[in-house]
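Each step along the sequence shown adds one to the number in full-length UniProt numbering, with nothing skipped, and position 29 is 29.
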Amino acid sequence: MNNTALRYRAFGDPSTTLCAETTPLLPCAPGMLRVKMLLAPVNASDLIPISGAYSHRITLPAIAGYEGVGVVCETTPETAHLQGKRVLPLRGQGTWQQYVDCPAELAVPVPDDIDDALAARAYINPLAAQMMLTHYPPQGQHVIVTAAGSECAGYLAQWARQRGAKSVSGIYRSAVHASRLAASGVIPLPETDSAAIRQAAAKAGVVYDATGGELAEQLLQALLTHAQFISYGLLSGQPFGIQRRLPVVHWFHIRNHLDSLSASAWQQTFSDIWARLRKNPPADVTLFPFADWQQAIAFYHQPGRITKPLLSMR
C-alpha cells in the first residue's frame, strides 16, 4: 500500500516548496496507531514553518500539517478498541498526507456528536486560546485581540467574554469582519483607526496579539504599565521592538507547554475543548480535494476570507 504526502525538502514559499510524494507505507512501529486521514485544515501554523521561520527546530525533509481528523486503520493489541474510530492523530507525523502514524497514547478520540469539519480544527487554535486564557486570565479586564477575523482570535474573544472580561475589542484588517464581530459582542476596531486603537489600549489590561509589527508597537506604547501583552504570532511578517520595561510582554507557543502535560492531562484537555466547541463552533469551511492543495493555500491567503480551507483526503 502506498501513501501520498506533501513533503518539503527545503524552506521557501509553501505553494512551490511543497511536493506531493508517493512512497510505500512502512510497517507501523510499536506503540503507534495508523490513521487514514479524512480532513486537515490549512493554518498559518502549518505554512509559516515551511517558509523557514523555525528552521532551527525542523529537520528536513518534513511533512506539512499539524492537525486533522482520520479513522484508525491499524492498531496494537492494547489499542484495538480504537480500530475504525475517528481520532485526532496529533504530535506525530505531519497531517498533510493520506496516512498518519501517531503515538497511541496521544491520539484523541472524537466524540460521536462532533462532525469531521469541526474535529479537524480542534487542536491548534482552540488549544492555543484555552492555554492563553488559563495562563493570562481575562477576568475583570478590558481585553484586546488582534487579527480579530482569525479563528484563534475568535476563540479568544468569545471565551474571554465567557470568563468574565469587562469588554473585548477586536482589531481587524478586512471590513468584512466588522459586523460579525459586533454581532458576537466584540467591539470592532479597524486596523487603520489609530486613535480608536490607542483609546482602547489605554484602558486594556490584557492584549492577545497575533500580528506583531507596527500594530504591536502602537499597542505597547499606549498600554498602561500594569497590562499584559501576549504575543502568539507575527501574521504581519514583521517583528516588533520593545521600547520600555513595562507593560510585560509574554511570548506564547503551544510547544512550550506540551511536555508538561501527562497523557491523561492531554486527553482531559480535549474533553474541555469539545465542550467549548459545542457552544462556540468556528466559521464555515471550504473543502479542497487533496490533489488541489495549491488552490487551498492560495484560498487561505485571500484577503477578507471568511471560511477555513480544509484538505479532503476522502
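From the three backbone atoms N, C-alpha and C, an ideal C-beta is built for every residue, glycine too. If you're wondering where the values come from, they're calculated on a predicted model, not measured in any experiment.
- F299 and R305 have their alpha carbons spaced roughly 8 Å apart.
- Taking each of V108, A196 and N3 in turn and checking the Cα distance to T269, the smallest one comes out for V108.
- With a cutoff of 8 Å on beta-carbon distance, W96 and A5 are scored as near each other.
- Nearest in C-alpha terms to Q294, of all of N3, S15, T211 and F252, is S15.
- Distances from the CA of P126 to each of V285, P281 and F290 were compared; the closest alpha carbon is that of P281.
- In this structure, A222 is the residue among A222, Q141, N3 and A120 with its C-alpha nearest to the C-alpha of S194.
- Just so you know, the alpha carbons of G31 and V145 end up roughly 40 Å apart.
- If you draw a straight line from the Cα of Y54 to the Cα of E78, it is about 36 Å long.
- Rounded to the nearest whole angstrom, the C-alpha separation of Y99 and E214 is 41 Å.
- Going by beta carbons, W274 and P89 fall outside the 8 Å limit.
- Exclusion of the five residues before and after N43 leaves I124 as the residues of its chain whose Cβ lies within less than 6 Å of its Cβ.
- In this structure, DSSP gives D101 an extended state, which the three-state scheme calls strand.
- Put simply, the segment 229-237 does not touch the segment 256-267. Fewer than three CB pairs are less than 8 Å apart.
- In the three-state reduction of the DSSP assignment, D13 falls in the coil class.
- For L287, the enclosing beta strand (DSSP E) starts and ends at V285 to P289.
- Around the beta carbon of D209, 16 or more other beta carbons sit within 10 angstroms, so the residue counts as buried.
- A residue is called buried once 16 or more other Cβ atoms fall within 10 Å of its Cβ, and H142 is buried on that count.
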